[in-house]
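J.: Handing you a structure now.
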Amino acid sequence: MSRIYLVGAGPGRADLLTVRAARILAQAGAVLYDRLVSPEVLGLLPETAERHYVGKAEGEQDLIQPAILELLEDCARRHTTVVRLKGGDPMVFGRGAEEWLWLAQRGWDVEVVPGISSAVAVPAMAGIPATYRGLSGGFAVVTGHRQAGGCQQWAAWAQADTLIVLMGVKRRAEIAQCLLDHGRPASEPAAFIENGTTPRERVTVTTLGEIAAGCVVVESPAVLVIGQVVTLREALRPLLSLAIA
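Using our numbering, the first residue of the sequence shown is number 892, and each one after it goes up by one.
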């Protein structure tokens, strides 16, 4: 009987995969992967595995998602091991639970293989911890794909000591202004980490006010971290070479 695996590909580097994820990829008959899965991770697939790129651009999600589900079923009819490979963790802003429910309702055997979420791993490996005693007693992770003009939606998130925003590059100025409107100071430290954990990583340390003013140039994919923990990067940066060796 076929089994469909919802696998988290982690933040980018192949050696940050879980052991179980690597084992499943090594025996995959077909893989459906999104745009955040790195070439290094795809390099672990067998040469015989079918590879289907199913990345979605913003605005195309509702059009492409039904086709992805149909393709998963088609692959499962022809292969015993089918992998739906998602960047980070499949249950964090990746529609993993929606696909799981849809497949289970149709009788497919589904297993979830968690991955390391970029929300915490990417900042940490760039020298920015999500929490730190005396600076941050907690953090919130939110998607930047919020309804345009819905500034009130950010009221609750503005209260978090550390705020981590995924998929927020396009609306970064709007997001920053909403947070300012809800009481966060313009001088608050912030950082964008582009292509985290990969050789293409680039870190931009700035302030919430500069982001709101449109002064920060950044490209997707990037994780945005807002809070006093960003100031720790200066002290931790000299130690990063030890962490990635």
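Every residue, glycine too, gets a C-beta built ideally from N, C-alpha and C. All figures in this text were calculated on a predicted structure; none of them were measured in a lab.
Only counting the same chain, and skipping five residues up and downstream in sequence, which positions put a Cβ closer than 6 angstroms to that of LEU855?
T.: Lying before the first or after the last residue shown, residue 855 is absent from the chain, which here runs from 892 to 1136.
J.: Can we say the region 1062-1079 touches the region 1097-1106, given the rule of at least three CB pairs closer than 8 angstroms?
T.: yes
J.: Quick one: residues in its chain with C-beta nearer than 6 angstroms to the C-beta of PRO937, no 5 flanking neighbours on either side, listed in chain order?
T.: none
J.: How should GLY946 be labelled, buried or exposed, when 16 other C-beta atoms within 10 angstroms of its C-beta is the threshold for buried?
T.: exposed
J.: Give a yes or no on whether the C-beta atoms belonging to GLN956 and ARG997 are separated by under 8 angstroms.
T.: For the pair GLN956 and ARG997, the CB atoms are not nearer than the 8 angstroms cut-off.
J.: DSSP state of VAL1033, grouped into three classes?
T.: strand
J.: Answer yes if the region 910-921 comes into contact with the region 965-980, meaning at least three C-beta pairs across the two stretches below 8 angstroms, and no otherwise.
T.: yes
J.: What does ALA1015 pair with, by DSSP beta-bridge criteria?
T.: Its beta-bridge partners do not exist; DSSP assigns none.
J.: Work out the CA separation of LEU907 and ALA1082 for me, nearest whole Å.
T.: 22 angstroms
J.: Write down every uninterrupted run of the beta strand (DSSP E) in the region 940-976 whose length is 3 residues or greater and which is fully enclosed by it, in chain order.
T.: 941-944
J.: Do you know offhand how far GLU1092's Cα is from PRO1076's?
T.: 27 angstroms
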